[in-house]
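Have a look at the structure below, then the notes.
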Amino acid sequence: MVATVLWVYVGSVLWSMRISVSSSRTLPISDFVGLKQYARLFDSERWVLSLQNMALFGALFIAGCLVIGFLLAVFIDQRVRAEGVLRTVFLYPYAMSFVATGLVWQWMLNPELGLQSTVRGWGFPNFKFDWIVQQDTVMLAIVVAAVWQACGLVMALMLAGLRGIDESLWMAARIEGIPKWRVYLSIVLPMLGPSIGTAFVLLSVSVVKVFDVVVAMTQGGPGLASEVPAKFIIDNLLVRANIGLASAASTVLLLTVLALLAPWFYARAHAARRSERSARALRASATQGAAA
Amino acid sequence: MFLATAAVAFLLPLYVMVVTSIKPMEEIRLGNLFAWPVRITLEPWVQAWTSACTGLECGGIRVGFMNSVAIVVPSTILSILLGALNGYALSFWRPRGAQAFFVVLLTGAFIPYQVMMFPLIRALATLGLFGTLPGVVLIHTLFGMPVMTLLFRNYYASVPHELFMAARIDGGGFWRIFVQLMLPMSLPIVVVAVIMQVTAIWNDFLIGLVFAGHEWLPMTVQLNNIINTTTGERLYNVNMAATLLTSLVPLTVYLVSGRWFVRGIAAGAVKG
Amino acid sequence: MSNKTTRLALALALAFGAISGAQAQANRAEVLHWWTSGGESAAVKELASAYTKAGGTWVDAAIAGGEQARAAAVNRMVGGTPPTAAQFNTSKQFLDLIDQGMLANVDAVAAANNWDKILPAPILNSIKIKGHFYAVPVDIHMPAWFWYSKAAFAKAGIKDEPKTADELFAALDKLKAAGLVPLAFGGQPWQEKITFYAWLANVGGPDMYMKLYRDKDVNLPATPQFKAVLTSFKKLHNYVDAGSPNRNWNDATAMVISGKAGVQIMGDWAKGEFATAHMTAGKEFGCFPGFGAKSPYLVAGDVFVFPKINDAAQIKSQQLLATTFTAPATQVAFSNKKGSIPIRTDVDIKGLDLCAQQGVTIMKDVSRQLPTPEMLISPDLEGSLQDVITKFWNTNESVDDAAKAIAAALKNG
Chain A
1 MVATVLWVYV
11 GSVLWSMRIS
21 VSSSRTLPIS
31 DFVGLKQYAR
41 LFDSERWVLS
51 LQNMALFGAL
61 FIAGCLVIGF
71 LLAVFIDQRV
81 RAEGVLRTVF
91 LYPYAMSFVA
101 TGLVWQWMLN
111 PELGLQSTVR
121 GWGFPNFKFD
131 WIVQQDTVML
141 AIVVAAVWQA
151 CGLVMALMLA
161 GLRGIDESLW
171 MAARIEGIPK
181 WRVYLSIVLP
191 MLGPSIGTAF
201 VLLSVSVVKV
211 FDVVVAMTQG
221 GPGLASEVPA
231 KFIIDNLLVR
241 ANIGLASAAS
251 TVLLLTVLAL
261 LAPWFYARAH
271 AARRSERSAR
281 ALRASATQGA
291 AA
Chain B
293 MFLATAAVAF
303 LLPLYVMVVT
313 SIKPMEEIRL
323 GNLFAWPVRI
333 TLEPWVQAWT
343 SACTGLECGG
353 IRVGFMNSVA
363 IVVPSTILSI
373 LLGALNGYAL
383 SFWRPRGAQA
393 FFVVLLTGAF
403 IPYQVMMFPL
413 IRALATLGLF
423 GTLPGVVLIH
433 TLFGMPVMTL
443 LFRNYYASVP
453 HELFMAARID
463 GGGFWRIFVQ
473 LMLPMSLPIV
483 VVAVIMQVTA
493 IWNDFLIGLV
503 FAGHEWLPMT
513 VQLNNIINTT
523 TGERLYNVNM
533 AATLLTSLVP
543 LTVYLVSGRW
553 FVRGIAAGAV
563 KG
Chain C
565 MSNKTTRLAL
575 ALALAFGAIS
585 GAQAQANRAE
595 VLHWWTSGGE
605 SAAVKELASA
615 YTKAGGTWVD
625 AAIAGGEQAR
635 AAAVNRMVGG
645 TPPTAAQFNT
655 SKQFLDLIDQ
665 GMLANVDAVA
675 AANNWDKILP
685 APILNSIKIK
695 GHFYAVPVDI
705 HMPAWFWYSK
715 AAFAKAGIKD
725 EPKTADELFA
735 ALDKLKAAGL
745 VPLAFGGQPW
755 QEKITFYAWL
765 ANVGGPDMYM
775 KLYRDKDVNL
785 PATPQFKAVL
795 TSFKKLHNYV
805 DAGSPNRNWN
815 DATAMVISGK
825 AGVQIMGDWA
835 KGEFATAHMT
845 AGKEFGCFPG
855 FGAKSPYLVA
865 GDVFVFPKIN
875 DAAQIKSQQL
885 LATTFTAPAT
895 QVAFSNKKGS
905 IPIRTDVDIK
915 GLDLCAQQGV
925 TIMKDVSRQL
935 PTPEMLISPD
945 LEGSLQDVIT
955 KFWNTNESVD
965 DAAKAIAAAL
975 KNG
């Protein structure tokens, strides 16, 4: 099984790298053109813009999802009455394919059709919400829709993590007289380290592969303003019959991901070990206090 | 209250989808997105399920329903099982090269599927599995492994190591500890895993299209055919109805899964 | 657990059974295409029933989205289970497949049915590669029609269809004054691209158009005449509404249908939307193919290619498909439902709608036929030019910079 996995992933990546130094168009060709595709890649305004967009999207999307997902999980964890319903309300966007929901968002954010015109109709003639049709702000519009879709899952992950926290921790905190919000911030949050780590990686994967939401909402427009790497790759792969260029792009993407992921990965593993030690210390001190 | 406002904001697109799906096309063309329909019609829903055109056939999305079920069930079970096994092995047993394997797996998750298509197609074709049900289940399992492994590995990382040591002292081996100790304790994360895999595989389009062959095309292919017409006319009400219908299965999974989001499962194990 | 295994085993058995059973059908043909909407489905039905009447068995494999369908066809060829026929456009999309020897030719059918004589030149040139026929054409589409709402024109006081660019701008001004959206537009790159094709062909003229797309003349963009075309093209942007970016083409047509907007520049497939809204050409909406009585007619189309299959039965099916698709009766029935025009002009056009009849009549004048760029340049170059056009349309890029970018793309592509 290990061998299959390695062979599939490593093999595909190696194959893709091989194609990136060829002049393949619709079908793979095994000639060799050196780094010509890479030169063309970085010459392309569209590719450079797509990387910038991905960085902006990534930062806002991950931060937004983590914060909102965490807050939702914490509030639901307070043994709220309609918990089952609420959980489904925040999770349902995740259940739907973006092809249709993306269109709904496009309509809602369109100034003539959606929120801007509706609010103006209510008597606020200066209300402006046309992010999606402006070059500078279209990525923000995409972030809104993407966060809507993904933070339900982050909430579920955090909730699972919260539910795994020992009951005795809460008792200990109550005995010590620590206010609830402080418990959450200083103790629970570090303990959720693994859950946050998982969420972070999952969200990062979505960021690198972001495609459906862009295609459904803006098709990369207006102009080239909401271009993203995955769309660049797939366009060149399928539409422009240029799999050499697409493979070069995906290789660059992969190397970027590796470069960014490695240090974070090691930092997180280190932090998790640290927080486990502090939680154990708290429990130990509480039992001592109770025994005394 | 925070939850109430958030809920309203979240439900807004759903409202638009539902309202659009019960309006006749004349009203949709007028463009009043949030307006309640003047004339409510359930015709789009019936059409989406039974008679929307998806090519020569006009059988709606019902056609692929059983295929989707046949693909989702084994793929979910297999990928979660393997992910849990991997996560367990990586967390507690730490075999040689575990870190490297994990890194490879994780990096693999970042590659857009289309890039891996040609080599995978050739590989499956050589094995004689291209265009078959076992073939598409295999691909889904493979693609689900990185995320599932990550999920379980991180979850097991927060399980106290003393628990595992105690079990080993009690004489437990690799499989016994996994089945009798870890799995029962993993219920919350298994629920999350089921949510993720059912959603991902049920809504998957590309893998089903390429690897499932003509006999096993999932419902998403019909859904795509209904929604993504290139130069044909678009019936938005039918599109919305079809999307809502397709999403009912994952939604049901979410609702039912609530039972297992119970607090204190790990706590019970620790105390005992 | 055992239940599932049984089901799996049953499923496998059924799958094998289905495959072997299917091969026993006469002239079985699996046809891969991307026609999935209601109107398109009715059109495919015409093809399928004609094929069945000719003694074949049609197995449908529809995948929405041109790129998806073509990619699926290529994937299946690579995987060893190719369809009997796969849809492509009259373009350079399938040249690579021919180079790699993956397509079979239909020279026999072409000779038997006189394709050299009955097909228009642009179509012939795109299916006849190195002297062999590698695809069968099924329709001709024109991506640059002008559609207008009669109600909107009446409200704005416009009496006649514009015959020149200046008349169009005058009409758009009148529409703006009447409080309507002058030009219904969908700001997606491909729509901006075909609007530019329409503009270049009509305002720049067929010679300039061919110089750019057939000759790839890198000196053309710098000429003042070309820059004038770019300038007037950008002027159209003043007449679209603020919500135009990202809009689907159907939503733009809906604006014309509801009378909110006056004009849309779109291909003849827009008729499908009008038909769904129960509108008739000449009554509630009008159509004209360009400026003036000699306006160019852009020729685009769909074809089917035949993957090379080493099976005598499949080869027979392929040839039967090719013969059936090009038969006059099939062509008329198909065009009627599809909104396209037949590939041959020797057919009875009485049953076609007003706009299609116009199209067929124009096609008889060979001098007005103009191939679409995808027939002349590679998908890669077409994409690069599309990037330039969409940037020019959506930003404040100067005409000079845009011209330079076009020249650069031509040089590299």
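Chains as they are written, first to last, in my numbering: chain A, 1 to 292; chain B, 293 to 564; chain C, 565 to 977.
The C-beta atom is built at its ideal place from N, Cα and C for all residues, glycine as well.
If you're wondering where the values come from, they're calculated on a predicted model, not measured in any experiment.
Outcome for residue i when other beta-carbon atoms lying within 10 angstroms are tallied against a minimum of 16
i: D730(C); result: exposed
i: P878(C); result: The sequence given here has Gln at residue 878(C), not Pro. Buried: at least 16 other Cβ atoms inside 10 Å.
i: E454(B); result: exposed
i: M565(C); result: Interpretation of M565(C) is limited by its pLDDT of 46, a score under 50 that renders its predicted location unreliable; no figure is taken from the coordinates.
i: Q922(C); result: buried
i: A966(C); result: buried
i: R526(B); result: buried
i: T512(B); result: buried
i: D842(C); result: Contrary to the premise, residue 842(C) reads as His rather than Asp in this sequence. By the neighbour-count rule (16 or more Cβ atoms within 10 Å), H842(C) is not buried but exposed.
i: G389(B); result: exposed
i: K955(C); result: buried
i: Y266(A); result: exposed
i: V8(A); result: buried
i: D912(C); result: exposed
i: I481(B); result: buried
i: R445(B); result: buried
For residue i: DSSP bridge partner residues
i: T621(C); result: R592(C)
i: M830(C); result: W709(C)
i: V48(A); result: In the DSSP output, where bridge partners are listed per residue, V48(A) has none listed.
i: P701(C); result: V867(C)
i: A825(C); result: V745(C)
i: Y405(B); result: Y405(B) pairs with nothing; no bridge assigned.
i: I534(C); result: With chain C covering only 565 through 977, there is no way to say anything about residue 534(C).
i: A818(C); result: Looking at the DSSP assignment, A818(C) forms no beta bridge with any residue, so it has no partner.
Residue i - containing alpha helix (DSSP H), residue span
i: M641(C); result: G630 to G643
i: P935(C); result: No alpha helix (DSSP H) holds P935(C); the beta strand (DSSP E) holding it covers Q933 to P935.
i: Q116(A); result: L115 to G121
i: Q755(C); result: P753 to W763
i: F435(B); result: L425 to A449
i: T399(B); result: A390 to G400
i: D301(A); result: With chain A covering 1 to 292 only, the question about residue 301(A) has no answer from this structure.
Neighbouring residues, chain C, relative to residue i (Cβ below 9 Å)
i: D130(A); result: A806 and G807
i: G121(A); result: None at all; the shortest Cβ gap to chain C is about 15 Å.
Contact set between residue i and chain B, taken where Cβ atoms lie within less than 7 Å
i: D875(C); result: None at all; the shortest Cβ gap to chain B is about 17 Å.
i: I29(A); result: The contacting residues do not exist; I29(A) stays about 12 Å from chain B at best.
Listed by chain order, chain B residues near residue i by CB distance under 8 Å
i: K719(C); result: In chain order: nothing, as chain B lies at least about 17 Å away.
i: V228(A); result: The contacting residues do not exist; V228(A) stays about 11 Å from chain B at best.
i: S247(A); result: V407
i: V608(C); result: G347 and L348
Neighbour list for residue i in chain A, Cβ cutoff strictly below 9 Å
i: Q657(C); result: T26 and A241
Per-residue contacts from residue i into chain B (C-beta, under 9 Å)
i: W833(C); result: T522, T523, G524 and E525
Limits of the beta strand (DSSP E) - the one that residue i falls within
i: P853(C); result: Note, P853(C): premise wrong, no beta strand (DSSP E); not H, not E.
i: F652(C); result: A649 to N653
i: P93(A); result: Note, P93(A): premise wrong, no beta strand (DSSP E); alpha helix (DSSP H) at E83 to A95.
i: V745(C); result: V745 to L747
Chain C residues whose Cβ lies nearer than 8 Å to that of residue i
i: E112(A); result: D805, A806 and G807
Contacts of residue i in chain C (Cβ-Cβ under 7 Å)
i: E349(B); result: D624
Listed by chain order, chain A residues near residue i by CB distance under 7 Å
i: P943(C); result: V239, R240 and A241
At 3 residues or longer, what runs of the beta strand (DSSP E) sit wholly inside the stretch 877-913 of chain C? Listed in chain order, nothing qualifies, since the stretch 877-913 of chain C has no complete beta strand (DSSP E) run of 3 or more residues.
Give the list of continuous alpha helix (DSSP H) stretches no shorter than 4 residues that lie fully inside the stretch 9-86 of chain A. Entirely contained in the stretch 9-86 of chain A, the alpha helix (DSSP H) runs reaching 4 residues are, in chain order, 36-43 and 45-76.
Those runs of the beta strand (DSSP E) which lie wholly inside the stretch 917-971 of chain C and span at least 3 residues: If we require 3 residues or more, the beta strand (DSSP E) runs fully inside the stretch 917-971 of chain C come out as 933-935.
Write down every uninterrupted run of the alpha helix (DSSP H) in the stretch 311-385 of chain B whose length is 4 residues or greater and which is fully enclosed by it, in chain order. For secondary structure counted as the alpha helix (DSSP H) over 4 or more consecutive residues, the stretch 311-385 of chain B holds these complete runs in sequence order: 317-322, 335-338 and 357-380.
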